[in-house]
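Engineer: Just passing along the structure, written as structure tokens.
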Amino acid sequence: MTFKLRALSLIIFAASGLAVQPTFFVPQRVASFSKEDFGQSDGKKVELYTLTNRNGVEAKITTYGGIVVSLKVPDKQGKLSDIVLGYDNLEGYLQDTSYFGALIGRYGNRIAKGRFKLNGTEYKLATNNGENHLHGGVKGFDKVVWNGRAAKTTNGVRLTLTYQSHDMEEGYPGNLFVTVAYTLTNANELRIDYSATTDKDTIVNLTHHSYFNLAGEGNGDILKHQLMINASRFTPVDPGLIPTGELRNVKGTPFDFLQPTPIGSRIDTEDEQLKIGRGYDHNFVINGPSGVLRKAASVSEETTGRVMEVWTTEPGMQFYTGNFLSGKPGKGGKPYQFRYGFCLETQHYPDSPNHLLFPTTVLKKGARYQSTTIYRFSSR
Ligand code: BGC
Numbered sequence: 232m233t234f235k236l237r238a239l240s241l242i243i244f245a246a247s248g249l250a251v252q253p254t255f256f257v258p259q260r261v262a263s264f265s266k267e268d269f270g271q272s273d274g275k276k277v278e279l280y281t282l283t284n285r286n287g288v289e290a291k292i293t294t295y296g297g298i299v300v301s302l303k304v305p306d307k308q309g310k311l312s313d314i315v316l317g318y319d320n321l322e323g324y325l326q327d328t329s330y331f332g333a334l335i336g337r338y339g340n341r342i343a344k345g346r347f348k349l350n351g352t353e354y355k356l357a358t359n360n361g362e363n364h365l366h367g368g369v370k371g372f373d374k375v376v377w378n379g380r381a382a383k384t385t386n387g388v389r390l391t392l393t394y395q396s397h398d399m400e401e402g403y404p405g406n407l408f409v410t411v412a413y414t415l416t417n418a419n420e421l422r423i424d425y426s427a428t429t430d431k432d433t434i435v436n437l438t439h440h441s442y443f444n445l446a447g448e449g450n451g452d453i454l455k456h457q458l459m460i461n462a463s464r465f466t467p468v469d470p471g472l473i474p475t476g477e478l479r480n481v482k483g484t485p486f487d488f489l490q491p492t493p494i495g496s497r498i499d500t501e502d503e504q505l506k507i508g509r510g511y512d513h514n515f516v517i518n519g520p521s522g523v524l525r526k527a528a529s530v531s532e533e534t535t536g537r538v539m540e541v542w543t544t545e546p547g548m549q550f551y552t553g554n555f556l557s558g559k560p561g562k563g564g565k566p567y568q569f570r571y572g573f574c575l576e577t578q579h580y581p582d583s584p585n586h587l588l589f590p591t592t593v594l595k596k597g598a599r600y601q602s603t604t605i606y607r608f609s610s611r
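Using the working numbering, the first residue of the sequence shown is number 232, and each one after it goes up by one.
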């Protein structure tokens, strides 16, 4: 609208004495995005995108590691708080060893001794967790700079990230072309769509590693959060946190979260598996057919009324209770103590390439890897 027109309509409006405002005076919220510099890594420019939906829910995501730097969602009074652990600047993420908010690949969680066989060839991956390979190796997808492009969608706003992982990067065969789309929908969901193709048979298992605290990041531990996990079985681990191959029924164990249960109510009980993980650090076998979007978990926090649901097409989900956090300062210098955040990492089971009975993580040349996870926020 030109200045003259705007002035004219103002005069008409003032003269009319109407109680109802013309629509162009009503501030309307629409989903939007913006981008700013976030520093440099590997000589490459790193960007920070801000996605805002029409309800004011806001996600800040950086092209470094595809990291969700902050996620502001409302409580029962409508007050927005940042509910993910992280740092104030890129430097914090460059030094990070906890994978706060990051995209994880090529393989989420551990591969025993960093070894696996594919088509008769044994591959040796980078080992970065004792003798094991964890979260993609020394320089996984959480530590590389992705290309970013944001756009509005019919029901929100989306950041699409792409990365090409070269043949034998961290020991994995094949060039892998990866796309991860983060969509912040107007239904207050953070939706993650992963896809990948390869030019040689390889293995892929992508996930997302946000540490949540629905009371607000840095605001105490997460032990009183009520958690439901839609899983009747989990994969027990050996002392190196490698699955033994068993799918164990959760019935009668501290791993039964089929009904909402406080995270902390059984976490310190005498249980061999909880001792190994120093708490929960286990893959749950999500009920229902994998490949189909279904509810994997629901978490609520009483004081704020915040609720988060997790929906996924993946067969498994790692439930990790921040057992390796030990007071290192995060955002605003707040110390992130033991169990100040929890992760719900949707995935194929850890060490699948070495367990032929687990759902396969092999991606064939010419095929497409696809996976979707939704973190949905509400309050009550
Ligand atoms: C793993 C933990 C690991 C953590 C890294 C989780 O996904 O299961 O064992 O320590 O990531 O911070």
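Using N, Cα and C, we set each Cβ at its ideal position, and we do this for glycine too.
For the beta strand (DSSP E) holding Glu420, just list the boundary residues, first then last.
Structural biologist: Glu420 to Thr429
Engineer: Looking at the unbroken beta strand (DSSP E) that takes in Ile517, where does it start and where does it end?
Structural biologist: Asp512 to Ile517
Engineer: Relative to the C-alpha of Arg497, which residue among Glu576, His456 and Arg337 is closest?
Structural biologist: It is His456 whose Cα lies nearest to the Cα of Arg497.
Engineer: Which residue wins for smallest C-alpha separation from Thr428, given the options Leu392, Tyr330, Gln601 and Phe608?
Structural biologist: Of the candidates Leu392, Tyr330, Gln601 and Phe608, the one whose C-alpha sits nearest the C-alpha of Thr428 is Gln601.
Engineer: Say whether the stretch 324–335 touches the stretch 459–469, bearing in mind that this needs 3 or more beta-carbon pairs closer than 8 angstroms, one atom from each stretch.
Structural biologist: no
Engineer: Straight-line CA distance for Ser265 to Glu289?
Structural biologist: 11 angstroms
Engineer: Report buried or exposed for Leu302, applying the criterion of at least 16 other Cβ atoms within 10 angstroms of its Cβ.
Structural biologist: buried
Engineer: Cβ-heavy atom distance between Tyr551 and the ligand BGC below 6 angstroms?
Structural biologist: yes
Engineer: Under a Cβ-count criterion, where at least 16 other Cβ atoms within 10 Å of its own Cβ denotes burial, should Lys275 be classed as buried or exposed?
Structural biologist: exposed
Engineer: Do you know how far the Cα of Tyr280 is from the Cα of Leu612?
Structural biologist: Within the shown structure, residues of the chain are numbered from 232 to 611, placing residue 612 beyond reach of any answer.
Engineer: Beta strand (DSSP E) containing Gly508: first to last residue?
Structural biologist: For Gly508, there is no enclosing beta strand (DSSP E); the residue is part of the alpha helix (DSSP H) that begins and ends at Glu503 to Gly508.
Engineer: Compare the C-alpha of Thr591 against each of Val516, Asn359, Gly405 and Asn436 and name the closest.
Structural biologist: In this structure, Asn436 is the residue among Val516, Asn359, Gly405 and Asn436 with its C-alpha nearest to the C-alpha of Thr591.
Engineer: So if DSSP puts Ser567 in a beta bridge, which residue, or which two residues, is it bridged to?
Structural biologist: Residue identity check: residue 567 is Tyr in the sequence provided, not Ser. DSSP output for Tyr567 lists Lys559 as bridge partner(s).
Engineer: Between the Cα of Asn461 and the Cα atoms of Gly495, Asp487 and Asn320, which residue gives the shortest distance?
Structural biologist: Asp487
Engineer: Using a threshold of 6 angstroms, is the CB atom of Ser583 nearer than that to any non-hydrogen atom of the ligand BGC?
Structural biologist: no
Engineer: Considering only residues of the same chain and omitting the five flanking positions on each side of Gly522, which have a CB-CB separation below 7 angstroms?
Structural biologist: Thr544
Engineer: Buried or exposed: which applies to Ser557, given that a residue is buried once 16 or more other Cβ atoms fall within 10 Å of its Cβ?
Structural biologist: So Ser557 counts as exposed.
Engineer: List the whole-angstrom C-beta distance separating Gly405 from Asp430, where the pair is believed to meet the contact cut-off of C-beta under 8 angstroms.
Structural biologist: That pair is a contact at about 6 angstroms.
Engineer: Three-state secondary structure (DSSP) at Lys482?
Structural biologist: Here Lys482 sits in coil by DSSP.
Engineer: Can you find a heavy atom of the ligand BGC that lies under 6 angstroms from the Cβ of Ser441?
Structural biologist: no
Engineer: Cβ of Phe555 within 6 angstroms of any heavy atom in the ligand BGC?
Structural biologist: Flag set: Cβ of Phe555 near the ligand BGC.
Engineer: Please name the residue or residues paired with Pro305 in a DSSP beta bridge.
Structural biologist: Leu311
Engineer: Going straight from the alpha carbon of Tyr580 to that of Phe372, what length do you get?
Structural biologist: 18 angstroms
Engineer: For Ile614, write down the residues that DSSP places opposite it in a beta bridge.
Structural biologist: What is shown of the chain runs 232 to 611, which leaves residue 614 out entirely.
Engineer: Can Asp469 be considered in contact with the ligand BGC, in the sense that its beta carbon sits closer than 6 angstroms to one or more heavy atoms?
Structural biologist: Between the ligand BGC and the CB of Asp469, the shortest heavy atom gap is not smaller than 6 angstroms.
Engineer: What does a CB cutoff of less than 6 angstroms around Ser529 pick up in its chain, not counting 5 residues either side in sequence?
Structural biologist: Met459 and Glu540
Engineer: CA-CA distance, Gly317 and Arg337?
Structural biologist: 22 angstroms
Engineer: Tell me Gln326's beta-bridge partners as DSSP assigns them.
Structural biologist: DSSP lists no partner for Gln326.
Engineer: Can you grab the Cα-Cα spacing for the pair Trp377 / Tyr295, in whole Å?
Structural biologist: Their Cα atoms are separated by approximately 6 angstroms.
Engineer: For a quick check, are the C-beta atoms of Lys355 and Gly309 less than 7 angstroms apart?
Structural biologist: no
Engineer: Indicate the three-state DSSP secondary structure (helix, strand or coil) for Gly451 in the structure shown.
Structural biologist: coil
Engineer: Who are the near neighbours of Asn514 in its chain, counting only those whose CB is closer than 6 angstroms to its CB and skipping five residues on each side?
Structural biologist: Thr466, Gly547, Gln549, Tyr580 and Pro581
Engineer: Give every residue of the same chain whose Cβ lies closer than 6 angstroms to the Cβ of Gly536, excluding the five residues on either side of it in the sequence, and list them in chain order.
Structural biologist: Asp306, Lys307, Ser610 and Arg611
Engineer: Do the CB positions of Gly476 and His364 come within less than 7 angstroms of each other?
Structural biologist: For Gly476 and His364, no; Cβs fall outside 7 angstroms.
Engineer: Any idea if Thr228 is buried or exposed, counting beta-carbon neighbours within 10 angstroms, 16 or more meaning buried?
Structural biologist: The chain is shown only over 232 to 611; residue 228 falls outside these bounds and no answer can be derived.
Engineer: Taking the continuous beta strand (DSSP E) assigned at Phe331, which residues delimit it?
Structural biologist: Per DSSP, Phe331 belongs to no beta strand (DSSP E) and is neither H nor E.
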